[in-house]
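Chemist: First the structure, which I've put down as structure tokens, then a few questions once you've had a look.
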Amino acid sequence: MIVTTKELFKHAYGKYAIGAYNINNLEQTMGLFQGNLDSKAPFIAQLSKGARSYTNKKMLEAIIRTADEIFPAAVFAVHLDHGDEETCMDCINSGFYSSVMIDASAEPFDKNIEITRRVVDAAHAKGIVVEAELGKLGGVEEHVSVKEADAKLTDPEQAKEFVTRSGCDSLACAIGTSHGAYKFMGSQGLHFEVLVEIQKRLPGFPLVMHGSSSVPQEEVARINAAGGQLGGAKGVDENQFAKAATLGVTKVNIDTDGRLVWCRVHREAFRDDPKNFDLRPPGKIFMKEYAKFIAHKNEKLGSAGQLDAVRVLAARK
Ligand code: G3H
Ligand code: 13P
Ligand code: ZN
Numbered sequence: 001m002i003v004t005t006k007e008l009f010k011h012a013y014g015k016y017a018i019g020a021y022n023i024n025n026l027e028q029t030m031g032l033f034q035g036n037l038d039s040k041a042p043f044i045a046q047l048s049k050g051a052r053s054y055t056n057k058k059m060l061e062a063i064i065r066t067a068d069e070i071f072p073a074a075v076f077a078v079h080l081d082h083g084d085e086e087t088c089m090d091c092i093n094s095g096f097y098s099s100v101m102i103d104a105s106a107e108p109f110d111k112n113i114e115i116t117r118r119v120v121d122a123a124h125a126k127g128i129v130v131e132a133e134l135g136k137l138g139g140v141e142e143h144v145s146v147k148e149a150d151a152k153l154t155d156p157e158q159a160k161e162f163v164t165r166s167g168c169d170s171l172a173c174a175i176g177t178s179h180g181a182y183k184f185m186g187s188q189g190l191h192f193e194v195l196v197e198i199q200k201r202l203p204g205f206p207l208v209m210h211g212s213s214s215v216p217q218e219e220v221a222r223i224n225a226a227g228g229q230l231g232g233a234k235g236v237d238e239n240q241f242a243k244a245a246t247l248g249v250t251k252v253n254i255d256t257d258g259r260l261v262w263c264r265v266h267r268e269a270f271r272d273d274p275k276n277f278d279l280r281p282p283g284k285i286f287m288k289e290y291a292k293f294i295a296h297k298n299e300k301l302g303s304a305g306q307l308d309a310v311r312v313l314a315a316r317k
């Protein structure tokens, strides 16, 4: 059952966070649905602009529609990740997405509000909800490139004004994370103090944490032992998700960790069976491993075990 992120956030706020997982293909989709059902969790399937054009947006959408049929117990939102205005409008008009992210965070404050407002008006007219972004993450996003040196945490005062003027339904905040496998150097970490100040000014308002992969060191070691070269990769401590949830984070975006699972499975499979050239044996291992990975993340996010309660709420609507 496809629901809006608004419905998911209402149940989660202050207690747990919903996993928002980036998917690109059939194998990830199967693992995603299986892992969320195994851990009894509601979830967000999120598609980036790059994912939509990897094969064809219609192909990816059809895969998700079919997964909804194969796994009728699933409760999830379909979300556009890091959209520009044109892509947001395309998704809003498609009738398939229940949620879009407009990322105009590279624009000046007023311009960011102006663009976000236009997307919000178009989305709300069709019952679709909108995530916006304020502040700058330290990594490289799809159409937004921000140098680590320019990374800028979200200003809590500005956050309040931004939400009021733009009308967005949730806000992605910069709290020290970045996209990809190389997030922190030395003892850097999450800026919880920023979340505390935003929550004071926007009580009950759902916040989003991007760049939340934990880049497990054992995963990196296995990849490197199988021929990879991921030196110095470092991510977010997944044991901090619970604290972030109490401070208003209701959506946690995870992509890189899933890519690491894919990389590890395929490198090990071909290293251990060099005569194999069939895509299905590693594909089968990957779907199982990806499902296990999703279930593990949901335990850390606290969304595991919430599926039945969320389904009852969604069915009442
Ligand atoms: O924030 C970016 C996500 O990890 C999506 O990555 O644009 O390479 O699909 P992508
Ligand atoms: P990671 O690169 O940490 O997985 O972040 C993904 C993300 O924020 C997608 O929007
Ligand atoms: Zn992101």
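Reminder that position 279 of the sequence shown reads as 279 in the numbering used here, one-by-one numbering, no gaps. For every residue, glycine included, the Cβ atom is placed at its ideal position computed from N, Cα and C.
Please report the straight-line C-alpha distance between Asp84 and Val119, rounded to a whole angstrom.
Modeler: For the purposes of this step, residue 84 is taken as residue 84 along the sequence shown, with counting starting at 1. For the purposes of this step, residue 119 is taken as residue 119 along the sequence shown, with counting starting at 1. Using only the alpha carbons, I get a separation of about 10 angstroms.
Chemist: To the nearest angstrom, report how far apart Ala17 and Val310 are at their CA atoms.
Modeler: One-based indexing of the sequence shown puts residue 17 at position 17. One-based indexing of the sequence shown puts residue 310 at position 310. Roughly 13 angstroms separates the two Cα atoms.
Chemist: Lys111: buried (16+ other C-beta within 10 angstroms of its C-beta) or exposed?
Modeler: Looking up residue 111 in the sequence shown gives position 111. The residue in question, Lys111, is exposed, as its Cβ has fewer than 16 Cβ neighbours within 10 Å.
Chemist: Could you check whether Ile254 and Ser303 sit closer than 7 angstroms to each other, using their CB atoms as the reference points?
Modeler: Here the question's residue 303 lines up with position 303 in the sequence shown. Here the question's residue 254 lines up with position 254 in the sequence shown. Contact: no.
Chemist: Report back the beta-carbon spacing between His191 and Gly211 to the nearest angstrom; my notes put them in contact at under 8 angstroms.
Modeler: As a working note, residue 191 is residue 191 in the sequence shown. As a working note, residue 211 is residue 211 in the sequence shown. Not a contact, Cβ separation roughly 12 angstroms.
Chemist: Around the C-beta of Ile223, are 16 or more other C-beta atoms found within 10 angstroms, so that it is buried, or is it exposed?
Modeler: Position 223 of the sequence shown holds residue 223. Burial call: buried.
Chemist: Classify Lys152 as helix, strand or coil using the three-state DSSP reduction.
Modeler: Here residue 152 is taken as the residue at index 152 of the sequence shown, counted from 1. Correct three-state label for Lys152: strand.
Chemist: When you compare each of Arg52, Asp68, Val75 and Gln34 to Glu7 by their alpha carbons, which one comes out closest?
Modeler: Taking the sequence shown and counting its residues from 1, the one referred to as residue 7 is at position 7. For Glu7, the nearest C-alpha among the options comes from Val75.
Chemist: Determine the extent of the beta strand (DSSP E) in which Asn298 is found, giving its start and end residues.
Modeler: Walking along the sequence shown from the start, residue 298 turns up at place 298. That residue, Asn298, is in no beta strand (DSSP E); its alpha helix (DSSP H) goes Arg280 to Leu301.
Chemist: Hey, Gly21 and Ile294 are a contact pair by Cβ (cut 8 angstroms); roughly how many whole angstroms apart?
Modeler: Here residue 21 is taken as the residue at index 21 of the sequence shown, counted from 1. Here residue 294 is taken as the residue at index 294 of the sequence shown, counted from 1. One detail in the question is off: residue 21 reads as Tyr in this sequence, not Gly. Confirmed, Cβ separation roughly 7 angstroms.
Chemist: Using a 10 Å radius around the Cβ and a threshold of 16 neighbouring Cβ atoms, would you call Ser53 buried or exposed?
Modeler: As a first step, residue 53 is located in the sequence shown; it is residue number 53 there, counting from the start. The residue is exposed, with fewer than 16 neighbouring Cβ atoms inside 10 Å.
Chemist: Am I right that Thr116 and Ala132 are in contact with their C-beta atoms under 8 angstroms? What's the rounded C-beta distance?
Modeler: Within the sequence shown, the letter at position 116 stands for residue 116. Within the sequence shown, the letter at position 132 stands for residue 132. Correct: roughly 4 angstroms between the Cβ atoms.
Chemist: Just checking, does the segment 167–175 make contact with the segment 194–211 on the three C-beta pairs under 8 angstroms criterion?
Modeler: Result yes; three or more Cβ-Cβ pairs closer than 8 angstroms.
Chemist: May I ask you to list the residues that DSSP assigns as paired with Asn22?
Modeler: Mapped onto the sequence shown, residue 22 falls at position 22. BP columns for Asn22 point to Gln46.
Chemist: Let me check understanding here. Comparing Cα to Cα, which of His11, Asp273 and Ala291 lies closest to Arg259?
Modeler: Residue mapping note: residue 259 aligns to position 259 of the sequence shown, counting from 1. The shortest Cα separation from Arg259 among His11, Asp273 and Ala291 belongs to Ala291.
Chemist: Which of the three DSSP states is assigned to Gly211 in this structure?
Modeler: As a first step, residue 211 is located in the sequence shown; it is residue number 211 there, counting from the start. In this structure, Gly211 counts as coil in the three-state DSSP scheme.
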